[in-house]
Amino acid sequence: MSSRNKFIIGILVMLLVVLIIEYRMPRHFVWQPTFSHVDAQPFGCQVFDSVMKATMSNGYIVDNRTLRQIFTDDSVADSPKSILIITNESFSERDCNYILQLASEGHTLMVATSIPYDWSDTLGFDTKWNSLFRLQDVAGKAPTKALVAWAQDSIYAHHPLSLHVYSQMIERTIQPSDTIPSRVLMTFKSPDDEEDDDDEDVEQKPNALAVSYPIGKGEFILVSAPLLLTNYTMVSSDGWALIGRLMDRLKQHPVIRTEAYMSITAQKESTPFYVFLREPPLRWALYLTLLSILLFCIFTARRRQRVIPVVQKPQNHNLEFVRLIGTLYWQDHWNPGLLAKKLTYTTEEIRRQTGIDITVTDSSPSGPIALLARHTGIDEQELSLILKNIREAASGNHIVSDAELKTYINELNKIQQSL
18 MSSRNKFIIG ILVMLLVVLI IEYRMPRHFV WQPTFSHVDA QPFGCQVFDS VMKATMSNGY
78 IVDNRTLRQI FTDDSVADSP KSILIITNES FSERDCNYIL QLASEGHTLM VATSIPYDWS
138 DTLGFDTKWN SLFRLQDVAG KAPTKALVAW AQDSIYAHHP LSLHVYSQMI ERTIQPSDTI
198 PSRVLMTFKS PDDEEDDDDE DVEQKPNALA VSYPIGKGEF ILVSAPLLLT NYTMVSSDGW
258 ALIGRLMDRL KQHPVIRTEA YMSITAQKES TPFYVFLREP PLRWALYLTL LSILLFCIFT
318 ARRRQRVIPV VQKPQNHNLE FVRLIGTLYW QDHWNPGLLA KKLTYTTEEI RRQTGIDITV
378 TDSSPSGPIA LLARHTGIDE QELSLILKNI REAASGNHIV SDAELKTYIN ELNKIQQSL
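So the working numbering is basically just the index in the sequence shown, starting at one, shifted up by 17.
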């Protein structure tokens, strides 16, 4: 055997030994909150979701659609639903108002977010800063633990329940207002709060972690500690019981947990290189491979330099093409064809901006015409009659005059400007 072959075999054996050693080493926990239904790490939701699927009597599913996409589905909007959102991201004003609107229509919504003050102006509560969870602050130390307790009420008055958690897991707490009807479900008490209790002259507001607000026909539950609804709490002492009492508020309807409002970087399946980047040996192998490819390209390019001819940028003839097609329709005076093109363009714009497909013929209160009428502010019967006349004119079954063509196009422009 030549020395070259011995060298190659030796390198392969060494790589095999390194891989075996790395595989047999104990696995490290990743304390990165993802809230993903496929993440088995402490701050993922794989265990949480599996338990909820087995215990929710009316069903429990995990979805990636937004609330608007979920409730535009007729099969979902026919009956009340319970919606669960767990995230570390903030909500836009439009999303906040839509969530409260769904609650007023009879749905039950629970939002667990570390940024609860998006609703503070609407619901009139104050938020209190507590801590920020960073692993480097607690690693190798004995961090203090705080007390999370279920608020005493008529149902659980004789069954108190509390859980000791690290204070760093609670980023903010809620202090509800007395002027807006609400019900505190979970409270939080840190060692600092115990020192404040000694001062009897100062009235302390309750530090709540979960507050229920009755809104219209439904209920809105705001949880300021999303890390409690993870695998870590589910397997910690009585954490499963605490989560069970909280989720009991949703079990009267089918539960849908949507992951559409999570951070993109928190979703484990967001990149095909996740497996390589998660494990240090594979990560360094990927880095070395990319570095080798870069060096190869650099040195190969230096050896094979050649003059690159100037290539003219291809011209965009789309505008000329559109003008040509429009001229042909105009020369033939085929007004139904022009109206059909305008109707197709307006239909795509409505679908792109609102998600409403007006090609579906459904006259129910939850149909596309009714949804578009509520979205644009146009009367539903007027909108339905306008679209019906335009479709009939664009079908080509009869002649459309220039005045009618101009009127129909103006009506389509009016609908599009109202989006």
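Beta carbons: idealized from backbone N, C-alpha and C, even for Gly.
The DSSP-derived three-state label of S20 is helix. The closest CA to that of Q433, considering only T306, V182 and G394, is found on G394. Under the Cβ criterion (8 Å, minimum of three pairs), the stretch 101-118 counts as touching the stretch 268-276. If you look at M251, you'll find it in the alpha helix (DSSP H) that goes N248 to M251. One Cα belongs to T144, the other to Q370, and the distance between them is close to 35 Å. The Cβ atoms of I191 and V165 do not sit closer than 8 Å to each other. Per DSSP, L267 is not a residue of any alpha helix (DSSP H), being assigned neither H nor E. Taking 8 Å as the upper bound for CB-CB distance, R189 and P243 are not in contact here, some 11 Å apart. Looking only at T83, V68 and W136, the smallest Cα-Cα distance to Y77 is reached by V68.
Our two residues, L402 and N427, have alpha carbons roughly 15 Å apart in a direct line.
Looking at the DSSP output, E236 shares a beta bridge with T125 and P231. In terms of Cα proximity to I232, the closest of I197, K162 and K431 is I197. At least 8 Å separates the beta-carbon of C113 from that of N248. Taking the CA atoms as reference points, S309 sits about 29 Å from V47. In the DSSP annotation of this structure, the continuous segment of the alpha helix (DSSP H) that includes L422 starts and ends at D419 to Q434. Within a 10 Å sphere around the beta-carbon of Y173 sit fewer than 16 other beta-carbons, which makes this residue exposed. Comparing C-alpha distances from S383 to each of S96, M264 and Y425 shows the shortest one belongs to S96. Under the three-state reduction of DSSP, S67 is assigned to helix. Out of E110, K162 and W167, the CA that lies nearest to the CA of S137 is found in E110.
Taking C-beta atoms under 8 Å as the contact rule, L422 and L355 qualify, at a distance of about 6 Å. T130 sits close to N105, with the two beta carbons spaced by under 8 Å.
Per DSSP, Y346 is one residue of the alpha helix (DSSP H) stretching across N335 to Q348. Judged by their CB atoms, K162 and S194 are not nearer to each other than the 8 Å cut-off. Cβ-Cβ separation between V79 and H45: approximately 26 Å, too far for a contact (criterion under 8 Å). Cα atoms of A277 and N81: separation of roughly 5 Å, rounded to the nearest angstrom. In this structure P331 is exposed. Its beta-carbon is surrounded by fewer than 16 other beta-carbon atoms within 10 angstroms. Following the DSSP letters along the chain, one finds Y77 inside the beta strand (DSSP E) bounded by residues Y77 to D80. Within the DSSP secondary-structure output, S99 pairs in a beta bridge with T125 and V272. The beta-carbon separation of A387 and E397, rounded to 6 Å, stays under the 8 Å limit for a contact. Ranked by how close their Cα comes to the Cα of Y230, the residues L202, S254 and S418 have L202 in first place.
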